[in-house]
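So the structure is just underneath, and the comments pick up after that.
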Amino acid sequence: MSTELTGAEITIRCLQEEGVNHIFGYPGGAVLFLYDELFKQDKIKHILVRHEQAAVHAADGYARSSNQVGVALVTSGPGVTNAVTGIATAFMDSIPLVIISGQVPTAAIGQDAFQEVDTVGITRPCVKHNFLVKDVTELAATIKKAFYIASTGRPGPVLVDIPKDVTQQKAEFNYPASVSLRSYNPVVTGDMQQIKQAMQMILKAKRPMIYFGGGVILDNAAAELTEFVKMLNFPCTSTLMGLGGYPSTDRQFVGMLGMHGTYEANMAMQYCDVLIAIGARFDDRVIGNPKHFCNEERKIIHIDIDPSSISKRVEVDIPIVGSVTAVLNELNMLLKASRETIDSGVLSKWWEQVELWRARDCLKYDRAASIIKPQMVVEKLYEITNGDAFITSDVGQHQMWAAQFYKFDKPRRWINSGGLGTMGFGLPAAMGVQLANPGSMVACITGEASIQMCIQELSTCKQHDLPVKIINLNNRYMGMVRQWQEFFHGNRYAESYVDALPDFVKLAESYGHVGMRIDKPGDVEGALKEAFELSDRLVFIDFITDQTENVFPMVPGGKGLSEMILV
Amino acid sequence: MRHIISLLMENEAGALSRVAGLFSARGYNIESLSVAPTEDPTLSRMTLATTGSEAVVEQIIKQLNKLIEVVKLIDLSDEGYVERELMLVKLRAVDEEREEIKRLVDIFRGNIIDVTNKIYTIELTGTQSKLDGFLQAIDRNLILEIARTGVSGLGRGERILKL
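In order, the protein sequence lines correspond to chains E and Z. Start counting the first sequence at 1; every next residue gets the next number (the UniProt record's numbering). Start counting the second sequence at 1; every next residue gets the next number (the UniProt record's numbering).
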């Protein structure tokens, strides 16, 4: 007699087959059979969060830092609506996740049942794909498809909605070894003709520029990119999402570009004659107004796995659809075999220009100030951790300072919500990072406004002994909102001052963690050292920073990259 | 410019709303949309008429191709194609109007498919512009009700959309 398993058993077996070690979630009525199965096994460790948004962010941080598919489990109705912010965050940054949500029993669907919501409908615009499993015999194949779709092509979150009765019903368990979908076959290898054309264009460039993004990180192409950039001796810049794809401390790296990018990166973007875009999508925060960007005459080569990202915002001369790794490998081989070489004399003139721009030293700030400068905290953090920590961030000024002043030399060390810009991301993401990388240094750079959006997760950190270091750059303002109000709204600080802040030290202590408050520049280094010496404790350092500090350079919205506001 | 996009998609619940949602979420215009299963019961064929600049239509096609359920897609208007739409029109038809309407329906090669002593119901097929032409030719005050299917189309000759 064949042994039949319940839908709940099948689900957990599928996750085990996929090699899932951690799952982040929150129980509820519709998923009780799944939780019962989790209870009965010990291969998968469940991390109980305090809010479903945090479950998805934690799975997201887990995925970003480890290159595995992150998994979250939430109940129906409010469970899954709470998770939507996390799902949208992962979708915008193309992070591979599988979200399993409970649904009311099939007979109750459409009856406005207790804790019923149209999950597939609500999440449709912010998932790569989603499924409602109405038949237990389809459950295993559906979960297999979910992992496959989430992790291949341009990655993204996939949701599997499972009605409660399906978790009770029985079926034979057959986990398919592979998946083939006639309608989904992502192109991996780039077109050889296009690649050859691109190489010709690269060899003839007089003012070349390489611009790379999160695609390099997602496709694990850092080594291939580094080889490519080194071989050509071209300047390169990174998007917020691409940081770490090429060593930030290297001479050829001219810093991040975009709204808060460096002067040299933005000017080189604007005035290059050949632009090689690699796993980046010309986001509005990256090139500003596309009209201004396209004013300048330059040829653009664009390598991306997602054809819809090519020629979406700017017209491209040579589109190459394929995985960043595969295409860079081809290019590297062609370049090595090529008899033609780059005119080093012409290139050195371009470097002279780039160095002139770099000499502006656009990231300078007052290092002698008597109040703590937020940039200085990030710089000290970089020094103390030898640039080797995993850094998560929330969203705002602190995020930009983290991106500007922590030098990422390795991929997957910089974990932030770039596309959606989700406040509340940093702490739960740090939990996922810490679980995926036990024993590693993990710091969450945040602000007093952002941290309060998911601060309840201090409780999860206690329960699971996660020794995250929280670097709170506390300026008593929603800093980025305040900065925009100063620039564009006549200094009218409408609702951007954060009044009635908690005593973060006591708050951290009340959860059983270590709290510190630092308000003198001279104490910053010592506090950070002490925090990392407490390697088994979560330390929350509340840095009281300069309230007036702004993020520079800045390209105001609607302007071109060369129209920067400098300090 | 007007484009007619024809696509084969998995015949699954929710596939249609994924396409419709894509258009509303990205601010694309749908002029008409018709969908029905094909000779292969696992596949539906959808015909979508839309307007937009070349860049917008390129994005529409790329985004549609990205949907997991979309198996194959062509822009019919790239090359020769035939299009048809079915329209049912209910007209007030009394006295001398009856003869005049009958003549007009003949000119447009339509059929009167339901008759009462005050009403004709007419069936017309043709290109969208032909059906629009009929409505312009008729006295607007006579029109009681209209149902149109939206455009359906096929490539000309050897041009076939099939797996």
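Virtual Cβ for every residue (Gly too), placed ideally from N, Cα, C. Predicted model, so just to flag it, every value in this text is computed and none were measured.
Provide the residue(s) that pair with residue i in DSSP beta bridges, ordered along the chain.
| i | result |
| --- | --- |
| glutamate 123/Z | Leu88/Z and Asn111/Z |
| histidine 302/E | Ala277/E and Pro319/E |
| tyrosine 497/E | Tyr477/E |
| tyrosine 184/E | Leu181/E |
| tyrosine 81/Z | Gly155/Z |
| asparagine 130/E | Leu159/E |
| phenylalanine 134/Z | Per DSSP, none; premise fails for phenylalanine 134/Z. |
| arginine 45/Z | Leu8/Z and Ala36/Z |
| histidine 51/E | In DSSP, histidine 51/E forms no bridge with anything. |
| valine 514/E | Val539/E |
| residue 568/E | Since the displayed chain E opens at 1 and closes at 567, residue 568/E lies outside it and no answer follows. |
| threonine 50/Z | His3/Z |
| glycine 25/E | Leu48/E and Leu73/E |
| lysine 390/E | One point to set straight first is that residue 390/E is phenylalanine, not lysine, in the sequence displayed. BP columns for phenylalanine 390/E point to Val442/E. |
| isoleucine 470/E | Cys444/E and Phe540/E |
Could you check where the alpha helix (DSSP H) with residue i kicks off and where it finishes?
| i | result |
| --- | --- |
| proline 208/E | Careful: proline 208/E lies outside any alpha helix (DSSP H), inside the beta strand (DSSP E) at 208-212. |
| alanine 72/E | Unbroken run through alanine 72/E is the beta strand (DSSP E), 70-74; no alpha helix (DSSP H). |
| glycine 479/E | 479-488 |
| histidine 398/E | 397-405 |
| asparagine 266/E | 263-271 |
| threonine 123/E | 119-123 |
| threonine 36/E | At residue 36/E the sequence reads aspartate, which differs from the threonine that was named. Unbroken alpha helix (DSSP H) run through aspartate 36/E: 32-39. |
| phenylalanine 504/E | 504-510 |
| methionine 376/E | 374-384 |
| lysine 364/E | Here lysine 364/E belongs to no alpha helix (DSSP H), and DSSP marks it neither H nor E. |
| isoleucine 565/E | Looking at the DSSP string, isoleucine 565/E is not in any alpha helix (DSSP H), and its letter there is neither H nor E. |
| aspartate 542/E | Aspartate 542/E -> not in any alpha helix (DSSP H); beta strand (DSSP E) instead, spanning 539-544. |
| arginine 148/Z | Segment 143-148 is the beta strand (DSSP E) holding arginine 148/Z; no alpha helix (DSSP H) there. |
| phenylalanine 532/E | 524-533 |
| glutamate 227/E | 222-232 |
| lysine 347/E | For the record, residue 347/E in the displayed sequence is leucine; it is not lysine. Segment 344-358, the alpha helix (DSSP H) holding leucine 347/E. |
| glutamate 172/E | That residue, glutamate 172/E, is in no alpha helix (DSSP H); its beta strand (DSSP E) goes 170-172. |
Show which residues of chain Z have a CB atom less than 8 angstroms away from the CB atom of residue i.
| i | result |
| --- | --- |
| arginine 182/E | Val71 and Leu163 |
Measuring alpha carbon to alpha carbon, tell me which of the options ends up nearest residue i.
| i | options | result |
| --- | --- | --- |
| proline 290/E | Lys312/E, Phe408/E, Ile305/E and Ala113/E | Lys312/E |
| leucine 561/E | Cys294/E, Pro208/E and Asp394/E | Cys294/E |
| arginine 162/E | Thr137/E, Ser178/E and Gln16/E | This sequence places isoleucine at residue 162/E; arginine is not what is there. For isoleucine 162/E, the nearest C-alpha among the options comes from Thr137/E. |
| isoleucine 202/E | Met259/E, Val84/E, Thr167/E and Leu347/E | Leu347/E |
| valine 80/E | Glu330/E, Ala55/E and Gly242/E | Ala55/E |
| serine 53/Z | Glu69/Z, Asn29/Z, Glu100/Z and Asp132/Z | Asn29/Z |
| aspartate 250/E | Gln547/E, Leu257/E, Thr237/E and Gly261/E | Thr237/E |
| alanine 150/E | Ile68/Z, Ser129/Z, Ser32/Z and Ser17/Z | Ile68/Z |
| aspartate 304/E | Gly258/E, Leu218/E, Lys380/E and Val354/E | Leu218/E |
| isoleucine 415/E | Ala221/E, Val133/E, Leu243/E and Val104/E | Leu243/E |
| aspartate 409/E | Met333/E, Asp542/E, Gly526/E and Gln252/E | Gln252/E |
| alanine 140/E | Pro176/E, Gly110/E and Val127/E | Pro176/E |
| lysine 72/Z | Asn117/Z, Arg45/Z, Asp40/Z and Val35/Z | Arg45/Z |
| glycine 421/E | His22/E, Met453/E and Asp191/E | Met453/E |
Over what stretch of residues does the beta strand (DSSP E) that includes residue i continue unbroken?
| i | result |
| --- | --- |
| cysteine 444/E | 442-447 |
| glycine 418/E | Neither: glycine 418/E is in no beta strand (DSSP E) and is coded neither H nor E. |
| arginine 2/Z | 2-10 |
| aspartate 75/Z | 70-75 |
| serine 37/Z | The question names serine, but residue 37/Z is proline in the sequence shown. Looking at the DSSP string, the run of the beta strand (DSSP E) that includes proline 37/Z is 32-37. |
| cysteine 236/E | 236-238 |
| glutamine 200/E | Glutamine 200/E -> not in any beta strand (DSSP E); alpha helix (DSSP H) instead, spanning 192-203. |
| glutamine 103/E | 97-103 |
| glutamate 4/E | 4-6 |
Can you name the residues of chain Z whose CB is closer than 7 angstroms to the CB of residue i?
| i | result |
| --- | --- |
| valine 120/E | Gly14 |
Give the residues of chain E in contact with residue i, contact being defined as C-beta atoms less than 9 angstroms apart.
| i | result |
| --- | --- |
| lysine 118/Z | Correct list: empty, because the minimum Cβ distance to chain E is about 41 angstroms. |
| glutamine 63/Z | Ser308 |
| glycine 21/Z | Gly121, Arg124 and Pro125 |
How would you list, in chain order, the residues of chain E whose beta-carbon sits under 8 angstroms from the beta-carbon of residue i?
| i | result |
| --- | --- |
| glutamate 58/Z | Ser311 |
| isoleucine 5/Z | Those within 8 angstroms of isoleucine 5/Z in chain E number zero; the least Cβ separation is about 15 angstroms. |
Run down chain E in chain order and give the residues with a C-beta less than 7 angstroms from the C-beta of residue i.
| i | result |
| --- | --- |
| isoleucine 160/Z | Ordered by position in chain E, no residue passes the 7 angstroms Cβ test against isoleucine 160/Z, which lies about 17 angstroms from the chain. |
| glutamate 10/Z | Ser183 |
| lysine 66/Z | Ser308 |
| arginine 18/Z | Arg124 |
At a Cβ threshold of 9 angstroms, is residue i touching chain C?
| i | result |
| --- | --- |
| alanine 93/Z | The chain labelled as chain C is not found among the protein chains of the depicted structure, namely E and Z. |
In the UniProt domain "Thiamine pyrophosphate enzyme central" (195-331) of chain E, which residues sit with their C-beta less than 9 angstroms from some C-beta in chain Z, listed in chain order?
Asp306, Pro307, Ser308, Ser309, Ile310, Ser311, Lys312 and Glu315
Listed from N- to C-terminal order along the chain, which residues in the region 123-156 of chain E have their beta-carbon within a distance smaller than 7 angstroms of any beta-carbon of chain Z?
Arg124, Pro125, His129 and Ile149
Can you list, in chain order, the residues of the region 21-41 of chain Z whose Cβ is nearer than 7 angstroms to any Cβ on chain E?
Gly21 and Ala25
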